[in-house]
Amino acid sequence: MRHLLSASDLSIESTLEILNLSLEMQDVNSRDVKKLPALNGRSVANLFFEDSTRTRFSFEIAAKRLSADVVNFTAKGSSVSKGESLKDTVLTLEAMGIEALVVRHHHSGAANTIANAAWSKAVVINAGDGTHQHPTQALTDALTIRQHLKGNKDLGDLRGVRILIVGDILHSRVARSNIDLLRTLGAHVSLAGPATLLPKTGEVLADAIYHNLDDALAMGFDVVMMLRMQMERMNSVFVPNANEYSALWGLSNQRFQSLKSSTLVMHPGPMNRGLEISSEAADSKQSVIVDQVRNGVAVRMAVLFKLLAQESSDK
Amino acid sequence: MNNAGTVFTNVSLANGQITNIAVVGECISSVGDDYDKALKIIDCTGLVALSGFVDLHTHLREPGFEQSETILTGSKAAAMGGFTCVHPMANTNPVADNSAVVEQVHALGVAAGFVQVQPIGAVTANLEGKNLADLGKMNASAAHVTVFSDDGKCVSDSLVMRRALEYVKAFDGVIAQHAQDPLLTVNAQMNEGALSLKLGLTGWPAVAEEAIIARDVLLAQEVGSRLHVCHVSTKGSVEVIRWAKSRGINVTAEVTPHHLILTEDLVESYNPIYKVNPPLRSQEDVLALRQAVADGTIDIVATDHAPHTADSKDCEWGEAAFGMIGLETAAALVKTTLIDTGLIDWVRFEQLLSHNPAAISRLTNQGQALATGSFANIVFFDPTTSVKVDGTTQSKSLNNPYIGMTLSGSVRHTLYRGVLTVKDSMIQEIGNHNGN
Chain A
7 MRHLLSASDL
17 SIESTLEILN
27 LSLEMQDVNS
37 RDVKKLPALN
47 GRSVANLFFE
57 DSTRTRFSFE
67 IAAKRLSADV
77 VNFTAKGSSV
87 SKGESLKDTV
97 LTLEAMGIEA
107 LVVRHHHSGA
117 ANTIANAAWS
127 KAVVINAGDG
137 THQHPTQALT
147 DALTIRQHLK
157 GNKDLGDLRG
167 VRILIVGDIL
177 HSRVARSNID
187 LLRTLGAHVS
197 LAGPATLLPK
207 TGEVLADAIY
217 HNLDDALAMG
227 FDVVMMLRMQ
237 MERMNSVFVP
247 NANEYSALWG
257 LSNQRFQSLK
267 SSTLVMHPGP
277 MNRGLEISSE
287 AADSKQSVIV
297 DQVRNGVAVR
307 MAVLFKLLAQ
317 ESSDK
Chain B
28 MNNAGTVFTN
38 VSLANGQITN
48 IAVVGECISS
58 VGDDYDKALK
68 IIDCTGLVAL
78 SGFVDLHTHL
88 REPGFEQSET
98 ILTGSKAAAM
108 GGFTCVHPMA
118 NTNPVADNSA
128 VVEQVHALGV
138 AAGFVQVQPI
148 GAVTANLEGK
158 NLADLGKMNA
168 SAAHVTVFSD
178 DGKCVSDSLV
188 MRRALEYVKA
198 FDGVIAQHAQ
208 DPLLTVNAQM
218 NEGALSLKLG
228 LTGWPAVAEE
238 AIIARDVLLA
248 QEVGSRLHVC
258 HVSTKGSVEV
268 IRWAKSRGIN
278 VTAEVTPHHL
288 ILTEDLVESY
298 NPIYKVNPPL
308 RSQEDVLALR
318 QAVADGTIDI
328 VATDHAPHTA
338 DSKDCEWGEA
348 AFGMIGLETA
358 AALVKTTLID
368 TGLIDWVRFE
378 QLLSHNPAAI
388 SRLTNQGQAL
398 ATGSFANIVF
408 FDPTTSVKVD
418 GTTQSKSLNN
428 PYIGMTLSGS
438 VRHTLYRGVL
448 TVKDSMIQEI
458 GNHNGN
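Chains as they are written, first to last, in the numbering used here: chain A, 7 to 321; chain B, 28 to 463.
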């Protein structure tokens with residue numbers, strides 16, 4: 007494995023290897039001195055063509071804890087806004103000695119474009135491309151689910167775990183990555199959302215699809231993952247308005263109360279409180295939303311370590 | 028060419044008859060054994076002689092986009108593909124929506140001299156879909172425009188489409204529609220389906236094409252005019268056109284070579300070489316299109332040759348330009364997908380690539396039968412070769428999706444008005460272009 011472009015590229019063996027490496031990274035993160043020398047002298051660029059704070063910070067902290075040198079490139083204020091191509095941007099960074107590119111981009115497939123290009127030699131890590139994939143988020147979510155359902159020491163897969171993902175599946179790279187990775191780990195993944203945001207072709211992606219949230223929740227899932235609802239979807243006629251979306255598809259307090267007490271509530275963030283998730287649900291004991299963020303650092307350390315320290319030294 | 032003329036011996040015509048075709052000057056002087064024995068002989072044993080191909084859908088990019096193609100380079104690529112006539116689309120800069128631009132394009136074609144360059148005029152001013160372009164003046168110009176298209180954009184306004192169809196009746200014109208409902212395809216990137224969902228690329232639903240075709244055939248029926256449907260890409264479109272023809276509506280349809288062979292799964296690589304409008308569809312669509320060509324629902328194959336610079340394809344999928352080149356590979360693709368599969372014979376092949384497009388464009392000097400007195404527009408096609416596409420091209424652009432594929436058959440010689448533009452699969456220096 008040279009790049010991490012899509013959760014669908016990960017075998018069950020590599021997935022478990024990354025998750026279990028993440029546990030070791032969590033040990034490092036719990037120490038007073040949160041630092042390993044593993045990537046000392048290595049250079050990583052966070053190449054962000056789309057706004058993001060948590061993912062960029064998470065990758066930056068992860069790289070620094072492994073002692074890598076990190077530079078942040080954001081499209082805003084860079085020459086991309088003056089019309090520099092992706093190719094020229096990458097050529098420029100690689101000419102400065104960058105070995106790994108953590109790429110966030112508004113176009114689906116942008117990370118694949120760099121990884122497949124003759125003009126790039128860098129290791130590419132997809133940090134979210136358009137409405138396609140966000141593989142480190144899926145790894146983070148899988149680790150969070152395993153820790154909460156199976157305990158901190160568990161090193162196995164997620165066979166038998168039943169997961170429901172709710173909301174805008176059509177535009178969600180988090181949903182796509184989670185569907186791929188959680189199913190690779192043996193989990194049963196169902197999707198729920200309005201038909202405009204969960205097309206019938208979604209059947210081929212998941213184990214079941216629902217167009218009514220209450221019907222779905224009545225099936226008793228181990229994990230309910232709520233997706234962020236973008237306000238601009240209302241303007242492009244996917245749903246009538248925020249009020250109706252919240253009423254039909256939000257994890258209201260009432261719906262939250264109907265869940266088993268063991269059901270985990272997840273959200274990749276940033277949340278629209280009161281729209282897709284109530285504060286009662288988000289702040290409850292069943293909510294693992296903060297753990298998702300915490301685990302994100304360990305998972306990204308594991309990915310950087312695997313791709314830059316292990317895979318590169320194999321060559 | 029020998030001034031006294033040439034005889035192409037032992038050629039096979041589309042109907043299988045073996046004969047000799049003698050050419051003197053611009054015309055065929057005889058077909059058969061009775062030819063002037065003083066003529067220079069080119070032995071064509073094993074080759075199929077067909078009426079020169081006519082492309083009803085070409086982008087030559089001049090004026091305005093000469094970095095991707097010029098009328099000269101596009102004409103040479105066309106000759107290499109066996110074409111003796113191309114119809115450059117109107118989406119140049121300035122747009123071919125007036126007689127000055129179409130006359131200039133036509134004149135540059137004459138100067139290049141490799142093929143007849145028969146311009147297509149825009150339907151609406153500046154391709155904006157609002158007001159009609161100078162349809163009558165373009166028809167009356169030296170370029171004699173009969174085919175009008177806003178290709179790349181759909182004439183989506185029903186009233187404008189109705190008026191355009193009505194207006195061109197006066198001079199037996201035809202509206203060639205790029206069928207794509209713009210509201211159903213905002214930012215669309217690829218065929219809509221399970222794969223677009225997986226890849227996170229905005230889907231391009233089949234209904235966006237089919238709904239426009241359904242509306243247009245009804246409008247053509249209503250006003251009694253001629254409609255031509257460009258680059259049909261879905262099974263549903265074929266069904267709508269089949270229905271319209273069964274009702275006697277005056278509609279013709281084209282398919283591109285790429286929609287007869289390439290499918291959407293190629294998009295999984297995010298390689299923009301496969302980004303094209305209309306998008307590559309499913310295998311089921313490909314098979315339905317082939318069947319429609321065989322049963323006569325689709326009338327012609329047209330290339331939609333769309334050259335683009337390397338930069339506009341060496342980037343993110345979402346930033347890349349739509350289109351692929353196709354003049355040089357068209358005939359081999361039709362042979363590979365339709366003759367080798369047993370769906371059509373050489374007679375139908377010649378109709379698809381020559382007789383029918385010439386008839387839609389109302390050209391009398393192209394698509395003629397290979398008979399005494401016809402213009403010597405002839406392609407000599409070798410059906411026995413198996414050629415691995417290596418990207419060598421006369422086009423200025425390299426956006427060729429077939430590189431590495433092996434295609435069956437190749438163009439050996441092309442004769443345009445008695446002049447060998449291609450001999451032994453090599454472009455000839457014909458010496459009457461103006462050096463641009």
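In this text, a Cβ means the ideal position worked out from N, Cα and C, and glycines have one as well. Since this is a predicted model, take the numbers as computed values, not measurements.
Next item on the list: For B/H382, name the three-state secondary structure that DSSP assigns.
Entry: Taking the first residue of the second sequence as position 1, residue 382 of chain B is located at position 355. Of the three classes helix, strand and coil, the one that applies to B/H382 here is helix, per DSSP.
Item checked: Secondary structure of B/W231, DSSP reduced to three states -> Your numbering for residue 231 of chain B matches position 204 in the second sequence. Three-state result, B/W231: strand.
Notebook entry, point to check: What are the boundary residues of the alpha helix (DSSP H) that B/K67 is part of?
Noted result: Against the second sequence, residue 67 of chain B aligns to sequence position 40. In the DSSP assignment, B/K67 falls outside any alpha helix (DSSP H) and within the unbroken beta strand (DSSP E) covering 67-70.
Item checked: Enclosing alpha helix (DSSP H) for B/E266 [first to last residue] -> Here residue 266 of chain B is taken as the residue at index 239 of the second sequence, counted from 1. Looking at the DSSP string, the run of the alpha helix (DSSP H) that includes B/E266 is 262-273.
Next item on the list: Would you mind telling me which residues of chain B sit closer than 7 angstroms to A/A116, beta carbon to beta carbon, in chain order?
Entry: Position 110 of the first sequence, counting from 1, holds the residue named residue 116 of chain A. What A/A116 touches in chain B, judged by beta-carbon distance under 7 angstroms, is E343, going in chain order.
Margin query: Using a Cβ-Cβ cutoff of 7 angstroms, what residues of the segment 199-218 of chain A are near chain D? List them in chain order.
Written below: You won't find chain D in this structure, because its protein chains are A and B.
Notebook entry, point to check: Mind checking whether A/A193 and A/I169 have CB atoms under 7 angstroms apart?
Noted result: On the first sequence, position 187 is the one that residue 193 of chain A refers to. On the first sequence, position 163 is the one that residue 169 of chain A refers to. One thing to note: A/A193 has its Cβ within 7 angstroms of the Cβ of A/I169.
Notebook entry, point to check: For chain B, is any of its Cβ atoms less than 7 angstroms away from the one on A/S126?
Noted result: The residue you call residue 126 of chain A lines up with position 120 of the first sequence. The beta carbon of A/S126 does not come within 7 angstroms of any beta carbon belonging to chain B, so the residue lies off that interface.
Item checked: For B/K103 and B/S126, the rounded distance between their alpha carbons -> Taking the first residue of the second sequence as position 1, residue 126 of chain B is located at position 99. Taking the first residue of the second sequence as position 1, residue 103 of chain B is located at position 76. Cα to Cα, the separation comes out at about 25 angstroms.
Next item on the list: For B/D292, I'd like the list of residues in its chain whose CB is within less than 6 angstroms of its CB, leaving aside the five on either flank, ordered along the chain.
Entry: Counting from one through the second sequence, the residue named residue 292 of chain B turns up at place 265. Counting only Cβ-Cβ distances below 6 angstroms, and skipping sequence neighbours, we find nothing.
Check: Under a CB-based cut-off of 7 angstroms, is B/G220 close to chain A?
Finding: Counting from one through the second sequence, the residue named residue 220 of chain B turns up at place 193. With 7 angstroms as the cut-off, B/G220 counts as an interface residue toward chain A.
Note to self: 7 angstroms is my cut-off, CB to CB: does B/Y297 come that close to chain A?
What the structure shows: By 1-based counting over the second sequence, the position of residue 297 of chain B is 270. Yes - at least one Cβ of chain A is within 7 angstroms of the one on B/Y297.
Notebook entry, point to check: Is DSSP giving B/T448 helix, strand or coil here?
Noted result: As a first step, residue 448 of chain B must be located in the second sequence, where it is residue number 421. The answer is strand: DSSP assigns B/T448 an E or B state.
Notebook entry, point to check: In chain A, what lies closer than 7 angstroms to B/E346 by C-beta?
Noted result: Here residue 346 of chain B corresponds to residue number 319 of the second sequence, with the count starting at 1. Per Cβ cutoff of 7 angstroms: H113.
Note to self: Please identify, using Cβ separations under 9 angstroms, the residues of the segment 220-245 of chain B that lie next to chain A, in order along the chain.
What the structure shows: Within the segment 220-245 of chain B, the residues whose Cβ lies closer than 9 angstroms to some Cβ of chain A are G220, A221, L222, S223, L224, K225, L226, G227, L228, T229, G230, listed in chain order.
Checklist line | Residue from A/P205, A/V50, A/S178, A/E250 with nearest C-alpha to A/G103 | finding: Position 97 of the first sequence holds residue 103 of chain A. Nearest option by C-alpha distance: A/V50.
Next item on the list: Tell me whether A/L211 sits in a helix, a strand or coil according to DSSP, three-state version.
Entry: Position 205 of the first sequence, counting from 1, holds the residue named residue 211 of chain A. If DSSP states are grouped into helix, strand and coil, A/L211 belongs with coil.
Next item on the list: Kindly identify the DSSP beta-bridge partner or partners of B/G148.
Entry: For the purposes of this step, residue 148 of chain B is taken as residue 121 along the second sequence, with counting starting at 1. Its beta-bridge partners are B/F175.
Check: Apart from the five residues on each side of it in sequence, which residues of its chain come closer than 6 angstroms, Cβ to Cβ, to A/P274?
Finding: Walking along the first sequence from the start, residue 274 of chain A turns up at place 268. Correct list, in chain order: Q143, V180.
Next item on the list: Check B/N29 in the structure and name its three-state DSSP category.
Entry: By 1-based counting over the second sequence, the position of residue 29 of chain B is 2. Model confidence at B/N29 stands at a pLDDT of 43, short of 50, so the residue's coordinates are unreliable; what they give is reported in the following sentence. Under the three-state reduction of DSSP, B/N29 is assigned to coil, being neither helix nor strand.
Check: Where A/D320 and B/V303 are concerned, what is the direct C-alpha to C-alpha distance, given to the nearest angstrom?
Finding: In the first sequence, residue 320 of chain A corresponds to position 314, counting from 1. In the second sequence, residue 303 of chain B corresponds to position 276, counting from 1. For A/D320, the predicted model reports a pLDDT of 47, less than 50, meaning its position is unreliable and no value from the coordinates is stated.
Next item on the list: Give the single residue among A/S58, A/D213, A/K70 whose Cα lies nearest to the Cα of A/A44.
Entry: Within the first sequence, numbered from 1, the residue matching residue 44 of chain A stands at position 38. When each option's Cα is compared against that of A/A44, the closest is A/K70.
Checklist line | Nearest residue (CA-CA) to B/A169, options B/S264, B/I98, B/V137, B/D184 | finding: The count along the second sequence starts at 1 and reaches residue 169 of chain B at position 142. Residue B/V137 is the option with its Cα nearest to B/A169.
Item checked: For B/R317 and B/A465, the rounded distance between their alpha carbons -> Examination of residue 465 of chain B is not possible in this model, given that chain B is present from 28 through 463 alone.
Note to self: 7 angstroms is my cut-off, CB to CB: does A/L53 come that close to chain B?
What the structure shows: Here residue 53 of chain A is taken as the residue at index 47 of the first sequence, counted from 1. It does not; no Cβ of chain B falls within 7 angstroms.
Next item on the list: Hey, could you find the ends of the alpha helix (DSSP H) A/A248 is sitting in?
Entry: If you number the first sequence from 1, residue 248 of chain A lands on position 242. Start and end: 248-255.
Next item on the list: Figure out for me which residue from B/I387, B/M432, B/M453 has the closest Cα to the Cα of B/L83.
Entry: Reading the second sequence from its first residue, position 56 is the one you call residue 83 of chain B. Among B/I387, B/M432, B/M453, the Cα nearest to that of B/L83 belongs to B/I387.
Next item on the list: Just mark B/A271 as buried or exposed, buried being the case when its beta carbon has 16 or more other beta carbons within 10 Å.
Entry: Within the second sequence, the letter at position 244 stands for residue 271 of chain B. Under this definition B/A271 is a buried residue.
Margin query: Could you tell me which whole alpha helix (DSSP H) segments of length 4 or greater appear in the segment 93-161 of chain B?
Written below: Here the runs fully enclosed are 98-107, 126-139.
Notebook entry, point to check: Considering only the beta carbon of each residue, do B/S57 and B/A49 sit closer than 7 angstroms?
Noted result: Taking the second sequence and counting its residues from 1, one reaches residue 57 of chain B at position 30. Taking the second sequence and counting its residues from 1, one reaches residue 49 of chain B at position 22. Less than 7 angstroms divides the Cβ of B/S57 from the Cβ of B/A49.
Next item on the list: Leaving out five residues on either side along the sequence, give the residues of the same chain with a beta carbon under 6 angstroms from the beta carbon of A/D163.
Entry: Here residue 163 of chain A refers to the residue found at position 157 of the first sequence. If the five residues before and after A/D163 are omitted, its C-beta is found closer than 6 angstroms to the C-beta atoms of L191, G192, all from its own chain and listed in chain order.
Notebook entry, point to check: How would you label B/I430, buried or exposed, when you count the other beta carbons within 10 angstroms and need 16 or more for buried?
Noted result: Your numbering for residue 430 of chain B matches position 403 in the second sequence. It is exposed - the Cβ of B/I430 has fewer than 16 other Cβ atoms within 10 Å.
Margin query: Judging by CA-CA distance, which residue of A/L265, A/A315, A/P200, A/R261 is the nearest neighbour of A/N247?
Written below: Counting from 1 along the first sequence, the entry for residue 247 of chain A is found at position 241. Taking each of A/L265, A/A315, A/P200, A/R261 in turn and checking the Cα distance to A/N247, the smallest one comes out for A/P200.
Item checked: Residue of B/G251, B/A357, B/S452 minimising C-alpha distance to B/T330 -> Here residue 330 of chain B corresponds to residue number 303 of the second sequence, with the count starting at 1. If we check each option's Cα against that of B/T330, B/A357 comes out closest.
Notebook entry, point to check: By DSSP, does B/Y443 sit in helix, in strand, or in coil?
Noted result: Taking the first residue of the second sequence as position 1, residue 443 of chain B is located at position 416. B/Y443 falls in the strand class under three-state DSSP.
Next item on the list: Give a yes or no on whether the C-beta atoms belonging to B/I352 and B/S424 are separated by under 7 angstroms.
Entry: Your numbering for residue 352 of chain B matches position 325 in the second sequence. Your numbering for residue 424 of chain B matches position 397 in the second sequence. Yes, the pair counts as a contact, with Cβ atoms nearer than the cut-off.
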